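J.:
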Amino acid sequence: MLLTSRNNSSVGKIAEPDEIIKIGRLYGAIEMDLKMEFRQLTPFEYTEMDGTEFKRDVKKSVKTLNRGAIKWSKSAVADAYIDAKDKAMLLLDIMGATRDPLFDERIHRQTILDEIEITNDVLMRANITIDSTADTYTYLIRSAAKRIATIQSWDMRDEEIIS
2 MLLTSRNNSS
12 VGKIAEPDEI
22 IKIGRLYGAI
32 EMDLKMEFRQ
42 LTPFEYTEMD
52 GTEFKRDVKK
62 SVKTLNRGAI
72 KWSKSAVADA
82 YIDAKDKAML
92 LLDIMGATRD
102 PLFDERIHRQ
112 TILDEIEITN
122 DVLMRANITI
132 DSTADTYTYL
142 IRSAAKRIAT
152 IQSWDMRDEE
162 IIS
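In our numbering, the protein residues as written are 2 to 164.
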């Protein structure tokens, strides 16, 4: 199936539902891992080592997503393009259209490579936002942990003054 849309002068190809399910499973598994990582990092028990370990685990997950996205797009985009091309050729044959003898077949290969590059770019940018979100989250947890420590130190001083 071929669906097209104009976006920044590029034509987007949509992969078959089976292929979308494959990439969805990868993102779903990583999502579960990241949820666990985010839940484990709390301001009440935060240490710099925890923050560093959290960032390392998130970067590892993002790298896994990037590798999976590249592998997926190479197969899914090419398959979607070839399927759409075959369907279009069949319809043109049914209509009785003749092939232009001057048409360069290498255009198809270059188009597939361009679409793979566009798809990879979109997925990589999405994956990078995961990393930046984790950095922001770590910063906020660290700030909250410092404020909690400050409040707790005031409580300790108040108890000493009262005693």
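C-beta: ideal position from N, C-alpha, C; glycine also.
Only a predicted model underlies this, so the values are computations on that prediction, with no experimental measurement involved.
So, under 8 Å CB-CB, G52 and T139 are touching, yes? Tell me the CB distance rounded to an integer number of Å.
T.: Your numbering for residue 52 matches position 51 in the sequence shown. Your numbering for residue 139 matches position 138 in the sequence shown. The pair is a contact, with the Cβ atoms about 5 Å apart (cut-off 8 Å).
J.: Select from R143, I113, T134 and T65 the residue whose C-alpha is nearest the C-alpha of A77.
T.: In the sequence shown, residue 77 corresponds to position 76, counting from 1. For the residues R143, I113, T134 and T65, the minimum Cα distance to A77 belongs to I113.
J.: Excluding the 5 residues flanking N67 on each side, which residues of the same chain have their C-beta closer than 8 Å to its C-beta?
T.: Here the question's residue 67 lines up with position 66 in the sequence shown. Excluding residues within five positions, the ones whose Cβ falls inside 8 Å are L124, M125 and N128.
J.: Buried or exposed: which applies to F45, given that a residue is buried once 16 or more other Cβ atoms fall within 10 Å of its Cβ?
T.: In the sequence shown, counting from the first residue as 1, residue 45 sits at position 44. Label assigned to F45: exposed.
J.: So the alpha helix (DSSP H) E20 belongs to, where does it begin and stop?
T.: Numbered from 1 along the sequence shown, position 19 holds the residue referred to as residue 20. Here the alpha helix (DSSP H) through E20 covers P18 to Q41.
J.: Answer yes or no: do V59 and A135 have a C-beta to C-beta separation smaller than 7 Å?
T.: Looking up residue 59 in the sequence shown gives position 58. Looking up residue 135 in the sequence shown gives position 134. In this structure, A135 lies closer than 7 Å to V59 by Cβ.
J.: Could you have a look at S49 and say whether DSSP puts it in helix, strand or coil?
T.: Counted from its first residue, the sequence shown places residue 49 at position 48. Residue 49 is actually Glu in this sequence, not Ser. Correct three-state label for E49: helix.
J.: Kindly indicate which residue of R40, W73, S133 and T130 has the alpha-carbon position closest to the one of K23.
T.: Reading the sequence shown from its first residue, position 22 is the one you call residue 23. Closest option to K23, Cα to Cα, is W73.
J.: State the DSSP-derived secondary structure class of L3, mapped to helix, strand or coil.
T.: Counting from one through the sequence shown, the residue named residue 3 turns up at place 2. Bear in mind that the predicted position of L3 carries a pLDDT of just 38, short of 50, making it too unreliable to give a figure here.
J.: Taking the alpha carbon of E172 as the reference point, which residue from P18, D34, A98 and K147 has its own alpha carbon closest?
T.: This structure gives no information on residue 172, because the portion of the chain shown stretches from 2 to 164.
J.: Give the straight-line distance between the Cα atoms of Y47 and E54, rounded to the nearest whole angstrom.
T.: As a working mapping, residue 47 is identified with position 46 in the sequence shown. As a working mapping, residue 54 is identified with position 53 in the sequence shown. Taking the straight line joining both Cα atoms gives about 11 Å.
J.: Could you tell me how far apart the beta carbons of S1 and L93 are, in whole angstroms, since I believe they sit closer than 8 Å?
T.: As displayed, the chain neither begins before 2 nor continues past 164, which places residue 1 out of reach and without an answer.
J.: So K75 packs on I117, CB below 8 Å; how close in whole Å?
T.: Looking up residue 75 in the sequence shown gives position 74. Looking up residue 117 in the sequence shown gives position 116. That belief holds up - the Cβ atoms of K75 and I117 are roughly 6 Å apart, short of 8 Å.
J.: In angstroms with no decimal places, state the Cα-to-Cα distance between R40 and D122.
T.: Along the sequence shown, read from residue 1 onward, the residue named residue 40 stands at position 39. Along the sequence shown, read from residue 1 onward, the residue named residue 122 stands at position 121. Going by the C-alpha atoms only, they are around 29 Å apart.
J.: Anyone know if the C-beta pair for L42 and I142 falls short of 7 Å?
T.: Along the sequence shown, one-based indexing puts residue 42 at 41. Along the sequence shown, one-based indexing puts residue 142 at 141. Taking 7 Å as the Cβ cut-off, L42 and I142 qualify as a contacting pair.
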